[in-house]
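K.L.:
Okay, handing you the structure first.
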Amino acid sequence: MALWMVAARTRTPHEWSRRPTPQLLADPVPPFVNDRLLLSNGVHVQLERQLGEGRFCRVLRGSTHEGPVAVKVPLDPSHSLEGEAAVLRQLSGAAGFPRVYHARHGDPLVLELLGPSMDELWARTTGGTYFAKATVLRMGCGVLHCLRRLHLAGFLHNDVKPANVCLGPPSSERAAMVHLIDFGLATPTNQEAAPAASSPIGTPLFASIAAHQGRPTRAVDDVESLVYSLAFVASGYLPWKQKRHSQTLFMKQRMMTDGCEVLTDSCAAHGLTEEIHSSSVAEAIQALWAEVVACQETRAGVDYEKCIAALGGPSSETVPFEWEL
Numbered sequence: 001m002a003l004w005m006v007a008a009r010t011r012t013p014h015e016w017s018r019r020p021t022p023q024l025l026a027d028p029v030p031p032f033v034n035d036r037l038l039l040s041n042g043v044h045v046q047l048e049r050q051l052g053e054g055r056f057c058r059v060l061r062g063s064t065h066e067g068p069v070a071v072k073v074p075l076d077p078s079h080s081l082e083g084e085a086a087v088l089r090q091l092s093g094a095a096g097f098p099r100v101y102h103a104r105h106g107d108p109l110v111l112e113l114l115g116p117s118m119d120e121l122w123a124r125t126t127g128g129t130y131f132a133k134a135t136v137l138r139m140g141c142g143v144l145h146c147l148r149r150l151h152l153a154g155f156l157h158n159d160v161k162p163a164n165v166c167l168g169p170p171s172s173e174r175a176a177m178v179h180l181i182d183f184g185l186a187t188p189t190n191q192e193a194a195p196a197a198s199s200p201i202g203t204p205l206f207a208s209i210a211a212h213q214g215r216p217t218r219a220v221d222d223v224e225s226l227v228y229s230l231a232f233v234a235s236g237y238l239p240w241k242q243k244r245h246s247q248t249l250f251m252k253q254r255m256m257t258d259g260c261e262v263l264t265d266s267c268a269a270h271g272l273t274e275e276i277h278s279s280s281v282a283e284a285i286q287a288l289w290a291e292v293v294a295c296q297e298t299r300a301g302v303d304y305e306k307c308i309a310a311l312g313g314p315s316s317e318t319v320p321f322e323w324e325l
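Residue numbers (UniProt numbering): 1 to 325.
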């Protein structure tokens, strides 16, 4: 019988880590679905379906006696979730961050199940074109609030992108609140050593210049990645998409010297300024980029209030998302 069709049963954390993932050519039912996971605290989690998979981890939807949860499991048993767990434990319950239900050494992470990501919503509601002005600006302000809390807690995210920005739990008072997820690449803000050349930092499409160069990242680098993310959901395009690493780095460096128009003018042909209101989106992204450049040039800290003001300030945070209309 194929591995993914084995009857459901309870599995211990040790069995979880040593059971191999089947290598399949087709598109099978993901392994572990319909299994019950026994955590070290005695709680059982019924695994239901796979929500997503990254370079290092798989995220599954599960349920406990208290309700639905998200379960994060490393693809490689040797990959530790301790760093991410440390960030989540410190920010659990803070506005814009998932609650942590279980984070013990050797166990999968069990987290609050949030709503869809901005990447999912962008694909689902726009057909892969572009978000309306209100959605772009509200998303940006929400992420900036999350980044301020994260940075004040002493951590850098290092992988800000639309797929790591989610809405809150459906049918809750936080359903429309922007949340930040996936802290697998997070580092302390006081970390002085540069990452190893082979260490992946961020997603190349949205990574900061410092991350591309393997230099230590700072708080402003998360904001830099946010600029690229906002330009992407506002246009469905980034000029360095599918370019080589050297070309991507060159184009991003040009923005530091020539201004954000290098980005927004290139995106304009792909939708950024087609709508009558979207020219103000370009202006807002350019204003936020000016704050990034100022921080990078002076080595100053991020002025979050100025960054939020660049995106319209409090007025942008109360306008409904386009799918709420």
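Glycine included, every Cβ here is placed at the ideal spot set by N, Cα and C.
1. Comparing C-alpha positions only, which one of 303, 301 and 316 sits nearest to residue 284?
2. According to the neighbour-count rule (16 or more other Cβ atoms, all chains shown, within 10 Å of its Cβ), is residue 206 buried or exposed?
3. Closest to residue 307 by C-alpha separation, out of 242, 143, 63 and 234, would be which residue?
4. Please determine, among 159, 189 and 110, the residue with the shortest C-alpha to C-alpha distance to residue 70.
5. Would you tell me roughly how many angstroms separate the C-alpha atoms of residue 66 and residue 175, rounded to the nearest one?
6. Just checking my contact of residue 220 with residue 288 at CB under 8 Å: how many whole Å lie between their CB atoms?
7. Where in the segment 54 to 111 do unbroken runs of the alpha helix (DSSP H), each at least 4 residues long, occur, reported from the N-terminal end onward?
8. Mark residue 349 as exposed unless 16 or more other C-beta atoms lie within 10 angstroms of its C-beta, in which case mark it buried.
9. Counting Cβ pairs closer than 8 Å, one from the segment 98 to 118 and one from the segment 69 to 87, do we hit at least three?
10. In three-state DSSP terms, what is residue 260?
11. Tell me which residues share the same chain as residue 97 and place their Cβ nearer than 6 Å to its Cβ, disregarding the 5 neighbours each side in the sequence.
12. At the level of alpha carbons, what is the spacing between residue 214 and residue 188?
13. Looking at the unbroken beta strand (DSSP E) that takes in residue 36, where does it start and where does it end?
14. Take residue 124 and list the residues in its own chain whose beta-carbon comes closer than 8 Å to its own, dropping the five residues that flank it on each side.
15. So, helix, strand or coil for residue 148, using DSSP?
P.N.:
The relevant details are as follows:
1. For the residues 303, 301 and 316, the minimum Cα distance to residue 284 belongs to 316.
2. Classification for residue 206: buried.
3. Of the listed residues, the one whose Cα sits closest to residue 307 is 143.
4. The shortest C-alpha separation from residue 70 is found at 110.
5. Straight-line Cα distance between these residues: approximately 19 Å.
6. Not really, about 11 Å apart at Cβ, beyond 8 Å.
7. Counting only runs of 4 or more, we get 82 to 91.
8. The structure shown has nothing for residue 349, since the chain only spans 1 to 325.
9. Flag = yes, the segment 98 to 118 and the segment 69 to 87 touch.
10. Note: residue 260 maps to coil in three-state DSSP.
11. Answer for residue 97: 91, listed in chain order.
12. Residue 214 and residue 188 have their C-alpha atoms roughly 16 Å apart.
13. It spans 36 to 38 - the beta strand (DSSP E) in which residue 36 sits, taken as one unbroken run.
14. The residues are 116.
15. In the structure shown, residue 148 sits in a helix (DSSP, three-state: H, G or I).
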